[in-house]
């Protein structure tokens, strides 16, 4: 995933990048990309399936009560 133009790094990520003990810029960049990818993945909400009408998927009678009959 790629961050959009409005992406803002969390303060926790900024702190971890500033205080991390990376040996070179490549390690720092890999850590930064992994953290950004994790933040973007966590922001995605799964789509929910629609539930059938009535409690437990039962059909409603004209009176508004649930029925198990077809």
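In our numbering, the protein residues as written are 59 to 128. Just so it is clear, CB atoms sit at the ideal spot from N, CA and C, and this is done for glycine as well.
> Is residue 88 near the ligand ZN, going by C-beta to nearest heavy atom under 7 Å?
Replying inline: Within the structure as shown, the ligand ZN is missing, as the structure has no ligands at all.
>> Using only CA atoms, which one of 102, 104, 106, 96 lies nearest to residue 68?
In response: Out of 102, 104, 106, 96, 96 has the C-alpha closest to the C-alpha of residue 68.
>> Could you give the first and the last residue of the continuous alpha helix (DSSP H) run that contains residue 69?
In response: First-last of the alpha helix (DSSP H) with residue 69: 69-77.
>> Rounded to the nearest angstrom, what separates residue 101 and residue 62 at their Cα positions?
In response: Residue 101 and residue 62: Cα-Cα distance of roughly 13 Å.
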